[in-house]
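Structure, as structure tokens:
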Amino acid sequence: MRITRLAAVFGAMTMALTVAACGGDDSGSSGGSGSGASGIVGKAEKDKKLTIGVKADQPGLGLQTGSTYTGFDIEIGKLIAKGLGVEESGITWKTTVSANREPYIQQGQVDIVVATYTINDERKQKVNFGGPYYIAGQDLLVPTASTITGPDALAGKKVCSVSGSTPAKRIQTDYKSAQLQQFDSYSKCVTALAGGQVDAVTTDDIILAGYAAQEQYAGKFKVVGKPFSTEPYGIGLKKDDTAGCNKINDILKAAAADGSYKKAWDDTLGKSGKAAADLDVSKLTNCS
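In terms of the UniProt record's numbering, the sequence shown opens at residue 1 and continues consecutively.
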């Protein structure tokens, strides 16, 4: 009888230990740090690593030289990562082009995208956005001697932009008399402009200014200076990651307040002589 009672006691103790162990495993799997966070917040807490999608061919914004990426978007990516608890050594930079930014986010190939990524309603059906961290405007890059004075002077002109980009779509819908040519990168458009294959390149003014300021193009190109859109640059992440989006906005608010946003500008685009824009935190997105 005593043996039977002892067996029952030991059996109950074994079951209790098993349940406790299982409960410990569950808490460890949700966010990895015990916070229960998911999305980019949980991944950053657990792995201390992030993969960030960026452009590789935009001087002053996102430019790859060898294995190194430089530019304003790169510095913004570092600010977001740091705010999430990920040091620069934990960042993997992944080159994106305009057409693959949503697929890369949806497929999990990147955690966030910081790549002159305009927030618009069509994209918000597929991904979420923190920001905007900068407001740009679509403009035209033309040869210095060009007579093109703005978008209304594009009839019959060959205009180059990037496939899948907002600027390309705007030319297609609003300036149908222009002859749109599309590549997968703006650097190819600029090369075509330098070679006389196209009459103008169109994208956001700050991107065009970066190209015009490159040493090999000094004095050859000009930005027309008549923006014809408003392009709020956002930080893309998965559609259902509301907590991650809110966290990004909190990080941007802090960067505007402590001067790190201005420093990111001054260290990159500021070298062109263009003064840092104020980050208007009242315009940050609703992440719901």
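Cβ coordinates follow ideal geometry from the N, Cα and C atoms, glycine included. Only a predicted model underlies this, so the values are computations on that prediction, with no experimental measurement involved.
Element boundaries [beta strand (DSSP E), containing residue i]
i: C160; result: K158 to V162
i: D139; result: Q138 to P143
i: Q64; result: G62 to T65
i: G53; result: L50 to V54
i: K222; result: F221 to V223
i: Q125; result: Note, Q125: premise wrong, no beta strand (DSSP E); not H, not E.
Boundaries (first-last residue) of the alpha helix (DSSP H) holding residue i
i: Y186; result: Y186 to A194
i: A81; result: F72 to G83
i: Q106; result: R101 to Q107
i: Q172; result: T166 to D174
i: L208; result: D205 to A212
i: T266; result: The residue asked about is misnamed: residue 266 is Asp in this sequence, not Thr. It spans S260 to D266 - the alpha helix (DSSP H) in which D266 sits, taken as one unbroken run.
i: E45; result: G39 to D47
Residue(s) in a DSSP beta bridge with residue i
i: E231; result: A136
i: N246; result: Partner(s): none; N246 has no beta bridge.
i: W93; result: I52
i: Y117; result: G234
i: G112; result: Per the sequence shown, residue 112 should be read as Ile rather than Gly. DSSP output for I112 lists I52 as bridge partner(s).
i: residue 289; result: Residue 289 lies beyond the range of the chain shown here (1 to 288); nothing can be said about it.
i: Y69; result: Q64
i: V201; result: L141 and C160
i: L180; result: V159
Whole-number beta carbon distance between residue j and residue i, since they are thought to touch under 8 Å
i: V110; j: T68; result: V110 to T68, Cβ: 18 Å. No contact.
i: S163; j: Q182; result: 4 Å
i: V127; j: L237; result: 7 Å
i: A136; j: E215; result: In fact, because the Cβ distance is near 23 Å, the residues do not count as touching under 8 Å.
i: S185; j: V97; result: 6 Å
i: T116; j: Y233; result: 6 Å
i: A212; j: L140; result: That pair is no contact at about 11 Å.
i: T147; j: G219; result: Actually they are not in contact, since the Cβ atoms of T147 and G219 sit about 18 Å apart, beyond 8 Å.
The stretch 234-246 touching the stretch 98-113, judged by at least three CB pairs closer than 8 Å
yes
Inspect the CB distances between the stretch 173-180 and the stretch 149-159 and report whether three or more fall short of 8 Å.
yes
So, does the stretch 203-213 touch the stretch 268-286, judging by three or more C-beta pairs under 8 Å?
yes
Cβ pair count under 8 Å reaching 3, the stretch 93-104 against the stretch 45-63:
yes
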